[in-house]
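Encoded as structure tokens, the structure appears first; notes follow it.
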Amino acid sequence: MEQAVHLDGITKRFPGVVANDDVDLAVEKGTVHALLGENGAGKTTLMNVLYGLYRPTEGRVVVHGEERHFDSPRDAIDEGVGMIHQHFMLVDPMTVAENITLGNEPRKWLGLTVDRTTARQQVVELAERYGFDIDPDARIEDVGVGVQQRVEILKALYRGADVLILDEPTAVLTPQEVEDLFRVLEELTEQGKTIIFITHKLGEAMTAADEITVLREGKNVGTVPADDITREELAEMMVGREVLLDVDRSPTEPGRTVLDVEDLVVEDDRGVRAVDGLSLDVRQGEVLGIAGVDGNGQSELIEAITGLRTPDEGRIEVDDVDRTTDSRRSRIEAGMAYVPEDRQERGLVMEYDLVENGLLGSQHAEEYASNGRIDWERTRGHAEEIIEEYDVRPPDADAEAESLSGGNQQKFVVGREFARDPRLVVASHPTRGVDVGSMEFIHDRLNGLREDGRAVLLVSSNLDEVQSLSDRLAVIYEGEFVDIVDPDAVTEEQLGLLMAGQEPDEVPSIAAAGEVGP
């Protein structure tokens, strides 16, 4: 078959680091090709070379049989290579049609004004050609993440992309939206488009891809047909050792209530009620999971519980002490650890090195400071322990946080928070962006905290994760719990319907809607 992309001997060096080491990658035209690998394995760097964000130190980029030299993404786009990033690059107040044509609008009146009628018609025709069901006049801020993703894909197609790179395309989608995406990818490949997607979800790679390439430590360790390999074999290729994919969650007997939230109301930054009279409790020795599509009040709920946002109504107690209006510092001192959903905005100071970032939240603790002076030797030792225990790469305590890959940033934040010896852990998307080996480690630590009698509140859009770790599973939709289910009995399809605000038949509920008590 004809090759759409051939990366020939790609090496990319940065100061002190070889991100890609003589990597070959061949992608056949009209296929879906998955790219897997641990954090720091070189997946994103390789795709950034293909997309023109980086120039290779050595090697050739061949697209549709012609060697290309891309100095920028614009060069790549001009040659039919488009990239859809995990964090969508859309303008919320603008319409679907305006976002798709932005920067490439048809013009009229000697090019002085945008021809909005023609632009809209072009978008409608493009959507119909690829079977996309979208409203060209809807504003981005009013549509769901599944629609926003389709807008990003259409934006790339509008610019003439024949090769589409998708970075973690299912990270914020419901199971039904994932199925819809896979149908879109199938339609695109049937029309001759070529898809390369980066994912850490082994099952989805095996379902959606024709072939899978695994990178490890900057090298291509193999390309295999998706139909000829198991999840366990793929995981071992990625990590270089056998990986336990399923969480061994032994029975525990929950103890007293550690976190008690009653009738909580929280408004978002726009003054809209994001959490609507919600109550929950978490007890010693259990994990309460919260599943839902991003944007249904999870962020505001967690910010209120952890002291980053003041609730408008309701009460938050930790160990029977009212903490509703307490500071973040006082909640840390009360035994609350917090893994935030956005590691860069909430978990790290990107310009600080890992020694300084390891101290965040503990700078007033006697263990690290006395008489207003920080013990930097002890602080450095603390950071080095996190780096070693959580396999943070590069293993350099003096490295600035911004120099680490997203997955390694996440591992450092998780390690710092778990090292607090907390009584309550609030973990929001704790494995977002990490590889399967690190995911196994973090899951094991969360389960270990549960078995040690700690209380864990877990928020995740990864259904495999939240089902396998939780003792009770609350599904949130538009700021309310629509049901509390048995994670061992509910199906993925039922969860997906609940996450979309629908009520499936025969759901294995274990508490009334809106109640998460014993």
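Residue numbers for the sequence shown follow full-length UniProt numbering, beginning at 1 and rising by one. For glycine and all other residues, C-beta sits at the position ideal for the given N, C-alpha and C.
| Query | Result |
| --- | --- |
| Exposure of Ser72, with buried meaning 16 or more beta-carbon neighbours within 10 Å | exposed |
| N- and C-terminal bounds of the alpha helix (DSSP H) containing Ser461 | Premise fails: Ser461 is in no alpha helix (DSSP H) and is neither H nor E. |
| Residue span of the alpha helix (DSSP H) that contains Arg315, given as start and end | Careful: Arg315 lies outside any alpha helix (DSSP H), inside the beta strand (DSSP E) at Glu313 to Val318. |
| 8 angstroms contact criterion, which Val275 and Val266 should meet: CB distance rounded | 4 angstroms |
| 4-residue-minimum alpha helix (DSSP H) runs that sit fully inside the segment 268-355, ordered along the chain | 298-306 and 328-333 |
| Residue closest to Ala127, alpha-carbon to alpha-carbon, out of Asn104, Glu402 and Ile100 | Ile100 |
| Alpha helix (DSSP H) runs wholly inside the segment 13-85, at least 4 long, in chain order | 43-50 and 73-78 |
| Whole-angstrom distance between Gly292 and Val339, CA atom to CA atom | 18 angstroms |
| Span separating the alpha-carbon of Val81 from that of Leu112 | 29 angstroms |
| Distance CB(Gly277)-CB(Asp263) smaller than 8 angstroms | yes |
| Under the three-state DSSP convention, the category Lys201 falls into | coil |
| Supposed contact pair Thr194 and Thr31 - C-beta distance, whole angstroms, cut 8 angstroms | 6 angstroms |
| Nearest-angstrom beta carbon gap, Arg159 and Ile134 [assumed within contact, 8 angstroms] | About 17 angstroms separates the two Cβ atoms, so there is no contact after all. |
| Cβ-based neighbour list, Glu515, same chain, cut-off 6 angstroms, excluding 5 preceding and 5 following | Confidence at Glu515 is low in this model, with a pLDDT of 48, below 50, so the placement of that residue is unreliable and no value is reported for it. |
| Sheet register partners of His6 (DSSP bridge) | Ala26 and Val62 |
| With 16 other Cβ atoms within 10 Å as the buried cut-off, status of Thr230 | exposed |
| Length of the line joining the Cα atoms of Glu400 and Val321 | 38 angstroms |
| Member of Glu317, Ser362, Ile332 and Ile302 whose CA lies at the smallest distance from the CA of Met342 | Here the sequence assigns Asp to residue 342, which means Met is not the residue at that position. If we check each option's Cα against that of Asp342, Ile302 comes out closest. |
| 4-residue-minimum alpha helix (DSSP H) runs that sit fully inside the segment 410-498, ordered along the chain | 436-451 and 463-469 |
| Buried or exposed (CB count within 10 angstroms, at least 16 for buried), Phe481 | buried |
| For Pro518, the three-state DSSP class (helix, strand or coil) | Low local confidence applies: a pLDDT of 41 at Pro518 is under 50, so the model's placement there is unreliable, with the coordinate-based value given in what follows. If DSSP states are grouped into helix, strand and coil, Pro518 belongs with coil. |
| Ala209 vs His33 beta-carbon contact at 8 angstroms | yes |
| Cutoff 7 angstroms; reference Arg309; Cβ partners in own chain excluding five residues on either side | Val266, Glu300 and Glu303 |
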